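>
Protein chains: 2
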Amino acid sequence: MINLEAFFKISYGLYIVSSGDKDHGNGYISNTVFQVTSEPAQFAACCNKNNYTCGLIEQYGCFTVSVLGESASPDIFGRFGYRSGKDFNKLEGMNVAYETTGAPVILNDSLGYLECRVVQKTDVGSHIIFIGELVNAQICNVTDEPMTYAYYRKIRKGLSPKNAPTYIDKTKLEVRVTETSIYKCTACGHIYDESKEKVKFKDLPDDWKCPVCGADKEDFIKV
Amino acid sequence: MINLEAFFKISYGLYIVSSGDKDHGNGYISNTVFQVTSEPAQFAACCNKNNYTCGLIEQYGCFTVSVLGESASPDIFGRFGYRSGKDFNKLEGMNVAYETTGAPVILNDSLGYLECRVVQKTDVGSHIIFIGELVNAQICNVTDEPMTYAYYRKIRKGLSPKNAPTYIDKTKLEVRVTETSIYKCTACGHIYDESKEKVKFKDLPDDWKCPVCGADKEDFIKV
Numbered sequence: 001m002i003n004l005e006a007f008f009k010i011s012y013g014l015y016i017v018s019s020g021d022k023d024h025g026n027g028y029i030s031n032t033v034f035q036v037t038s039e040p041a042q043f044a045a046c047c048n049k050n051n052y053t054c055g056l057i058e059q060y061g062c063f064t065v066s067v068l069g070e071s072a073s074p075d076i077f078g079r080f081g082y083r084s085g086k087d088f089n090k091l092e093g094m095n096v097a098y099e100t101t102g103a104p105v106i107l108n109d110s111l112g113y114l115e116c117r118v119v120q121k122t123d124v125g126s127h128i129i130f131i132g133e134l135v136n137a138q139i140c141n142v143t144d145e146p147m148t149y150a151y152y153r154k155i156r157k158g159l160s161p162k163n164a165p166t167y168i169d170k171t172k173l174e175v176r177v178t179e180t181s182i183y184k185c186t187a188c189g190h191i192y193d194e195s196k197e198k199v200k201f202k203d204l205p206d207d208w209k210c211p212v213c214g215a216d217k218e219d220f221i222k223v
Numbered sequence: 001m002i003n004l005e006a007f008f009k010i011s012y013g014l015y016i017v018s019s020g021d022k023d024h025g026n027g028y029i030s031n032t033v034f035q036v037t038s039e040p041a042q043f044a045a046c047c048n049k050n051n052y053t054c055g056l057i058e059q060y061g062c063f064t065v066s067v068l069g070e071s072a073s074p075d076i077f078g079r080f081g082y083r084s085g086k087d088f089n090k091l092e093g094m095n096v097a098y099e100t101t102g103a104p105v106i107l108n109d110s111l112g113y114l115e116c117r118v119v120q121k122t123d124v125g126s127h128i129i130f131i132g133e134l135v136n137a138q139i140c141n142v143t144d145e146p147m148t149y150a151y152y153r154k155i156r157k158g159l160s161p162k163n164a165p166t167y168i169d170k171t172k173l174e175v176r177v178t179e180t181s182i183y184k185c186t187a188c189g190h191i192y193d194e195s196k197e198k199v200k201f202k203d204l205p206d207d208w209k210c211p212v213c214g215a216d217k218e219d220f221i222k223v
């Protein structure tokens, strides 16, 4: 028996994992970055094969990890979590550094970052776990706290996008609301379907934002 | 350049990872358990080769993960984090379930648990990353919050034991306190107050252990 709610008890941070170079860089929102050894310091990043960044990590043999803070703007989740680098230059207009590996390091909303050179990889089906040896680690912000996936879910009301290792088909979760309506973001078209959410739209906090584009709650209309 | 403080920006939960069976079971405190794919649901657990449990996972081909809550007792960290199953039966007197895999599931202080069958493993040097396909997932406690490593460090003032992927040589960290004669066990919180003892902490023998939980002398920090 598998109770999907147990999945939410596993803790994660939220990161932008990037690769490529100045001309062909891309990144995606990840919650699966982990240190796997201390001597030498090695980190694992689990990446969906459909992510454009996955191919870049294979091609360039390196990845960077920017640690997102709790105050990260909703825009960053829309840009790096819900759009594809295949048809959109996610780095345009962003604050990006190029250091030891030459791969882009996203500095917007970042508390600190790591740079790793890939030393091995494990194919786990839909995803690849890249193991990288750490070559650079820096701190950018000492006041904000790292954003956890729990914080993102509870406070920001965000959910994992389809390519995430932790994606859950929302229709499989127990639905606790009965009469439901559908609300649409007038900014980006994102649909808030109460039948697939645990919280009625009117019960969302006033400062709730569209998880895709960051528009305000009041920018949604009933459809 | 590597700033070790950046390592603390990566978020983790805290778990007891166990394996074996009713007669030969063991578990250890882990902070590196993460979901790697959703279809099928697979989880990774990164285990030091020196851990007694590591050999059991290889032998039995399965592992269980108990998610520790914020209210977990300090004893559980002493028992599962700082003692070895090679010379101590960690499961004696504990509340243990044996379900789908037959491996022990520690229920004490657990919010929920997962059972996985190992489908592949990756040798990353000092550690092995076991990839397991989920066969059972349950919730035990819906009120307590999952304990994160950040919470353990900040609120409980705990540090990683030597076999953890995130172990940091404490002498490498900047010491921010000046002079004091009180030492605290990072495993269970026990205080060694030199003003109430006959022996200065530094003069205690190297094999001295915490009288409460059995942690090593080096696991104490000056407070």
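Chains H and F are the protein sequences, given in the same order. Under this note's numbering, think of the first position of the first sequence as 1, with each following residue one higher. Under this note's numbering, think of the first position of the second sequence as 1, with each following residue one higher. Built from N, CA and C at the ideal position, the CB exists for glycine as well. Owing to the predicted nature of the structure, the values given are computational and were not obtained by experimental measurement.
Helix, strand or coil for Glu115 (chain F)? Go by DSSP, reduced to three states.
DSSP places Glu115 (chain F) in strand when its eight states are reduced to three.
> Between the stretch 26–38 of chain H and the stretch 78–90 of chain H, do at least 3 Cβ pairs fall closer than 8 angstroms?
In short, these stretches touch, since the Cβ pair count reaches three.
> Got a sec: is the Cβ-Cβ distance from Asp207 (chain H) to anything in chain F below 8 angstroms?
With 8 angstroms as the cut-off, Asp207 (chain H) does not count as an interface residue toward chain F.
> Report all residues from its chain with a CB closer than 6 angstroms to the CB of Gly25 (chain F); omit the five preceding and five following residues, and keep chain order.
Around Gly25 (chain F): Leu91 and Pro104.
> Ala44 (chain H) by DSSP, collapsed to three states: which one?
Strand.
> Taking Asp23 (chain H) as the reference, which of H:Ile76, H:Gly78, H:Tyr98 and H:Ile129 has the closest Cα?
Considering only alpha carbons, the answer is H:Tyr98.
> Between Ile57 (chain H) and chain F, is any beta-carbon pair separated by less than 8 angstroms?
Not one chain F Cβ lies under 8 angstroms of Ile57 (chain H).
> Quick one: which chain H residues come within Cβ less than 7 angstroms of Pro161 (chain F)?
Per Cβ cutoff of 7 angstroms: no residues; Pro161 (chain F) is ~11 angstroms from chain H at best.
> Going by DSSP in three states, Ala137 (chain H) sits in which element: helix, strand or coil?
Ala137 (chain H): strand per DSSP, three-state reduction.
> How would you call Ser18 (chain F), buried or exposed, if buried means at least 16 neighbouring beta carbons within 10 angstroms?
Looking at its Cβ environment, which holds 16 or more other Cβ atoms inside 10 Å, Ser18 (chain F) is buried.
> Please report how far the alpha carbon of His190 (chain F) lies from the alpha carbon of Ile2 (chain F), in whole angstroms.
Distance between the alpha carbons of His190 (chain F) and Ile2 (chain F): 33 angstroms.
> Taking all protein chains shown into account, do 16 or more other C-beta atoms lie within 10 angstroms of the C-beta of Phe88 (chain F), making it buried, or fewer, making it exposed?
Exposed is the call here.
> Look at the Cβ atom of Tyr12 (chain H), then the Cβ atom of Thr64 (chain H), and state whether they are nearer than 8 angstroms.
Not in contact: Tyr12 (chain H) and Thr64 (chain H) (Cβ atoms no closer than 8 angstroms).
> Here's a check: name, in chain order, each residue in its chain whose Cβ is nearer than 7 angstroms to the Cβ of Gly214 (chain F), leaving out the five neighbours to either side.
Around Gly214 (chain F): Gly78, Tyr82 and Arg83.
> Output the boundary residues of the alpha helix (DSSP H) element that contains Tyr52 (chain H).
Tyr52 (chain H) -> alpha helix (DSSP H) spans Tyr52 to Tyr60.
> Does chain H have any CB closer than 8 angstroms to the CB of Thr178 (chain F)?
Bear in mind that the predicted position of Thr178 (chain F) carries a pLDDT of just 42, short of 50, making it too unreliable to give a figure here.
> Between the Cα of Gly20 (chain H) and those of H:Thr100, H:Glu145 and H:Pro165, spot the shortest distance and give me the residue it belongs to.
Nearest option by C-alpha distance: H:Thr100.
> Between the C-alpha atoms of Leu111 (chain H) and Leu4 (chain F), what's the straight-line distance to the nearest angstrom?
Going by the C-alpha atoms only, they are around 13 angstroms apart.
> Just by C-beta distance, which residues in the stretch 61–74 of chain H are closer than 7 angstroms to chain A?
Structure shown: chain A not included; protein chains present are H and F.
> Have a look at H:Thr122, H:Met94, H:Gly102 and H:Asp123 and flag the residue whose alpha-carbon is nearest the alpha-carbon of Asp109 (chain H).
The shortest C-alpha separation from Asp109 (chain H) is found at H:Met94.
> How would you list, in chain order, the residues of chain H whose beta-carbon sits under 8 angstroms from the beta-carbon of Lys9 (chain F)?
By Cβ distance, chain H contributes Gly13, Val67, Leu111, Gly112, Ile139 and Pro146.
> Using DSSP with H/G/I as helix, E/B as strand and the rest coil, what is Leu91 (chain H)?
Residue state, collapsed to three classes: coil.
> Hey, could you find the ends of the beta strand (DSSP E) Pro211 (chain H) is sitting in?
Looking at the DSSP string, Pro211 (chain H) is not in any beta strand (DSSP E), and its letter there is neither H nor E.
> Which one or two residues does DSSP pair with Ile182 (chain F) in a beta bridge?
In the DSSP output, where bridge partners are listed per residue, Ile182 (chain F) has F:Asp193.
> Near Pro74 (chain F), what residues of its chain come up, given a Cβ to Cβ distance below 6 angstroms and the 5 sequence neighbours on each side ignored?
Contacts found: Cys188 and Gly189.
> Going by the beta-carbon positions, is the gap between Gln35 (chain F) and Ile131 (chain F) smaller than 8 angstroms?
No, they are not a contact pair.
> With a threshold of 8 angstroms between beta carbons, is Tyr167 (chain H) in contact with chain F?
Closer than 8 angstroms to some Cβ of chain F, the Cβ of Tyr167 (chain H) qualifies, so yes.
> Using a threshold of 8 angstroms, state whether the C-beta atoms of Cys46 (chain H) and His127 (chain H) are closer than that.
Cβ atoms of Cys46 (chain H) and His127 (chain H): closer than 8 angstroms.
> For Val49 (chain H), collect the residues of the same chain with a Cβ closer than 8 angstroms to its Cβ; drop the 5 residues on either side in sequence, then sort them by chain order.
In the sequence under discussion, the amino acid at residue 49 (chain H) is Lys, which differs from the Val named in the question. So the list reads Ser126, His127 and Ile128, once near-sequence residues are dropped.
> Taking 8 angstroms as the CB-CB limit, is Asn50 (chain H) close to chain F?
No, Asn50 (chain H) lies away from the interface with chain F (no Cβ there is under 8 angstroms from its Cβ).
> For Ser160 (chain F), count neighbouring Cβ atoms within 10 angstroms of its own Cβ and tell me buried if that reaches 16, exposed if not.
It counts as buried.
> Verify whether the separation of the beta carbon atoms of Lys162 (chain F) and Ile221 (chain F) is less than 8 angstroms.
Taking 8 angstroms as the Cβ cut-off, Lys162 (chain F) and Ile221 (chain F) do not qualify as a contacting pair.
> If the cut is a Cβ gap below 7 angstroms, which residues of chain H does His127 (chain F) touch?
Val36 and Thr37, listed in chain order.
> Quick one: what's got a C-beta closer than 7 angstroms to Pro165 (chain F)'s C-beta in the same chain, skipping five residues either side?
Excluding residues within five positions, the ones whose Cβ falls inside 7 angstroms are Thr32, Cys46 and His127.
> Report all residues from its chain with a CB closer than 6 angstroms to the CB of Val212 (chain H); omit the five preceding and five following residues, and keep chain order.
Gly78, Tyr82, Cys188 and His190, listed in sequence order.
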